[in-house]
Structures are given as C-alpha cells and as structure tokens.
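A.B. asks: The sequence shown: position 137 = 152 (our numbering), numbered continuously.
For glycine and all other residues, C-beta sits at the position ideal for the given N, C-alpha and C.
Right, I'll just put the structure down here and ask away after.
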Amino acid sequence: MDEYLDIVDENAVPTGRSELKSVIHQKGYLHNTVHIWFYTNKGEILLSQRSAQKSICPLMWDVSVAGHIDAGESIIQAAIRETKEEISLDISENTLHKIGVFKCFQSYPNGIIDNEFHNTFICELKQPITILIPQEEEVEALKLVSIEYFKYLIDHIGMDNHFVPSNKAYYEFVLDKIKNIKF
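Here it is in structure tokens:
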C-alpha cells in the first residue's frame, strides 16, 4: 500500500512535509518507523518472518512487529495500529516500553533507498502465540525463540535467513534490554 508518510529531519523530527512511501523510498527521504519486540515471561522473544511478497528482505526473520508511521500519526498510535494489523493483537500505550530510536539507512538492489529511524519498543506478550493471526501481506510466520537462541542467531547473523547483517549492534541492544527484565 502506498500511504503518505511524514518526512523527518536528521533528529527524526517531522519537517511538516509528507510524501508517498514509494517516493520516500525512491528519493531516500528520512522517515520514522516503529519496531515492537515482544517477549514472554518465560524469556522468549517473538520473531516474525517477513512475507514472501515483501519487496525488501522477503522471508527474513526479524522484529516481532514493524511498520511505517503514517503522516500525522503519533509513534504510539502507529505501534498500536501495526500490532493489530500484523499479528491481530490489541495492545495499549501503557504496555509499550520505549528503548530507543535507531538509525537504519540502507539501499537495496531493487532501487529502494530506505533511510529510516526505528522507534523501538519492548512489550510483554501475555497471550499464547496460537491466538496471533499473521497479516498475509506482511507476515509469513511467527515463532518464539529463547533468549539463548536469540543470542546464537545474533552471533551467527545472516544464517538461516535470520536478521539483517548490517543491524547486528541493534539486535544486541534489543537483546540486552530484554535480558534485563526480571523473569
């Protein structure tokens, strides 16, 4: 879907201009996204496999939920909306814990220039994974992995289509934040 997104400055602050996502990715304009990493009280982390239909990194295992922030939408509104759309889960603002904003500037062989800021949250998944319904256009599959296996995947980044290799420091930061939760 080609929705309008806010163009942001080098500090991830909206400039007052918006453009179609396709144009933003064609011209490399800076924009905001949300990432929500779900974890369980058993120390597991929810991973989503990107849909085979995705133009960037199809079938790659990555963040639980991610998406663009629509023009005029708040970061929190986008996190709640994306979670509902991608895995059919209702969450509220008070369950989201922001852990940072991360630059991710990458160009892809298909011509997409993706210069985005990941507004990153962690959130406890209190429901069984079996009730989650992946959005077909976005998510191929879901799985829970232990903290130990998540660390293994980071240490062997790119293996078995897990994680974008250039984002290793980001994944290590997320893992550290989740490991610091008292289970």
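At what residues does the beta strand (DSSP E) containing Gln121 begin and finish?
C.D. replies: Against the sequence shown, residue 121 aligns to sequence position 106. First-last of the beta strand (DSSP E) with Gln121: His112 to Ser122.
A.B. asks: Grouping DSSP H, G and I as helix and E and B as strand, with all else coil, what is Phe53?
C.D. replies: On the sequence shown, position 38 is the one that residue 53 refers to. Here Phe53 sits in strand by DSSP.
A.B. asks: For Pro180, name the three-state secondary structure that DSSP assigns.
C.D. replies: What you label residue 180 is simply residue 165 of the sequence shown in a count that begins at 1. In this structure, Pro180 counts as helix in the three-state DSSP scheme.
A.B. asks: Tell me which residues share the same chain as Ser161 and place their Cβ nearer than 7 Å to its Cβ, disregarding the 5 neighbours each side in the sequence.
C.D. replies: Position 146 of the sequence shown, counting from 1, holds the residue named residue 161. So the list reads Gly58 and Glu59, once near-sequence residues are dropped.
A.B. asks: Can you confirm whether the stretch 45-59 touches the stretch 72-85 when touching is taken to mean that 3 or more C-beta pairs between the two stretches lie within less than 8 Å?
C.D. replies: Result yes; three or more Cβ-Cβ pairs closer than 8 Å.
A.B. asks: Classify His40 as helix, strand or coil using the three-state DSSP reduction.
C.D. replies: Taking the sequence shown and counting its residues from 1, one reaches residue 40 at position 25. Looking at His40 - three-state DSSP - the assignment turns out to be helix.
A.B. asks: Please work out which residues of its chain come closer than 7 Å, Cβ to Cβ, to Lys192, disregarding the five sequence neighbours upstream and downstream, and give them in chain order.
C.D. replies: As a first step, residue 192 must be located in the sequence shown, where it is residue number 177. Excluding sequence neighbours, Lys192 sits near Ile114 and Ile137.
A.B. asks: Which stretch, first to last residue, makes up the beta strand (DSSP E) that contains Glu163?
C.D. replies: Stepping through the sequence shown from its first residue, residue 163 is reached at position 148. No beta strand (DSSP E) contains Glu163, which is instead part of the alpha helix (DSSP H) from Ile162 to Asp170.
A.B. asks: Could you check the C-alpha separation between Asp21 and Trp76 for me, to the nearest Å?
C.D. replies: As a first step, residue 21 is located in the sequence shown; it is residue number 6 there, counting from the start. As a first step, residue 76 is located in the sequence shown; it is residue number 61 there, counting from the start. For Asp21 and Trp76, the distance between alpha carbons rounds to 27 Å.
A.B. asks: What residue range does the beta strand (DSSP E) around Thr98 cover?
C.D. replies: One-based indexing of the sequence shown puts residue 98 at position 83. That residue, Thr98, is in no beta strand (DSSP E); its alpha helix (DSSP H) goes Ile90 to Ile102.
A.B. asks: For Glu163, I'd like the list of residues in its chain whose CB is within less than 7 Å of its CB, leaving aside the five on either flank, ordered along the chain.
C.D. replies: The count along the sequence shown starts at 1 and reaches residue 163 at position 148. So no residue of the chain qualifies.
A.B. asks: Do the stretch 142-158 and the stretch 102-121 touch if we need at least three Cβ pairs shorter than 8 Å?
C.D. replies: Segments in contact, yes.
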